[in-house]
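K.L.:
In UniProt numbering, the protein residues as written are 1 to 193.
(1) Is residue 152 helix, strand or coil when you go by DSSP?
(2) Rounded to whole angstroms, what is the Cα-Cα separation between residue 132 and residue 192?
(3) Check for me: the alpha helix (DSSP H) holding residue 184 runs from which residue to which?
(4) Take residue 156 and list the residues in its own chain whose beta-carbon comes closer than 6 angstroms to its own, dropping the five residues that flank it on each side.
(5) CB residue 113 to CB residue 78, shorter than 8 angstroms?
(6) By a C-beta neighbour count over all protein chains shown, 10 Å radius and 16 as the cutoff for buried, is residue 166 buried or exposed?
(7) Per the contact definition of three or more C-beta pairs closer than 8 angstroms, is the stretch 122-139 in contact with the stretch 171-180?
(8) Taking the beta strand (DSSP E) that residue 74 falls in, what are its first and last residues?
(9) At what residues does the beta strand (DSSP E) containing residue 43 begin and finish?
(10) Tell whether a beta-carbon distance below 8 angstroms holds between residue 123 and residue 168.
Next up, the structure:
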């Protein structure tokens, strides 16, 4: 079984997946009376995790050990880590770097076992094509959709500071990524992060 897992790791070459498999190895090593279902929380936006789920790689690898894998999709990282903190999932796969900081500030007990390289071009502040917002300072007084406690939340705070603004200078609209997109596409917000 571990040879098969090793081959899968070499194919993916992802520190995140390596960490996920390390956690699974720990789950396999538990006594027979321990939990037989491994509950994995993930976000739809995680391409690697979705691929792993779709291909059934973990299910196949853990079946001989009588470990069932269940997948639980979350709209963003904060609810995912909240579920981990209260024991509704066993492993949280792929959350942005800022989310655990907010969770730990709220006294969540987390253990990190892997990380991925940063992808700074994965997020941006976008405005409508015909928007009067042309620079960061133009966001003053504008309604901005952002996912609370996500990497996009941190990006917005840092960008506002760079533009000489504070968070209180805008009207934040805390929305999930899907709801933020819908609000932006329907012109309910001036910008979306």
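Yeah, the Cβ is synthetic: ideal placement off N, Cα and C, and Gly gets one too. Given the structure is predicted, the values throughout are model-derived calculations rather than measurements.
P.N.:
On the basis of the coordinates in this document:
(1) What you label residue 152 is simply residue 152 of the chain shown in a count that begins at 1. Reduced to three states, the DSSP call for residue 152 is helix.
(2) Translated into the one-based positions of the chain shown, residue 132 becomes position 132. Translated into the one-based positions of the chain shown, residue 192 becomes position 192. Those two C-alpha atoms are separated by around 14 angstroms.
(3) In the chain shown, the residue the question calls residue 184 occupies position 184. First-last of the alpha helix (DSSP H) with residue 184: 177-185.
(4) Indexing the chain shown from 1 puts residue 156 at position 156. So the list reads 146, 193, once near-sequence residues are dropped.
(5) Counted from its first residue, the chain shown places residue 113 at position 113. Counted from its first residue, the chain shown places residue 78 at position 78. It is not a contact, given that the beta carbons lie outside the stated cut-off.
(6) In the chain shown, counting from the first residue as 1, residue 166 sits at position 166. When all chains shown are included, residue 166 counts as exposed.
(7) no
(8) Translated into positions along the chain shown, residue 74 becomes position 74. That run of the beta strand (DSSP E) goes 68-74.
(9) Residue mapping note: residue 43 aligns to position 43 of the chain shown, counting from 1. From DSSP, the beta strand (DSSP E) with residue 43 extends over 37-43.
(10) Your numbering for residue 123 matches position 123 in the chain shown. Your numbering for residue 168 matches position 168 in the chain shown. Going by C-beta atoms, residue 123 is not nearer than 8 angstroms to residue 168.
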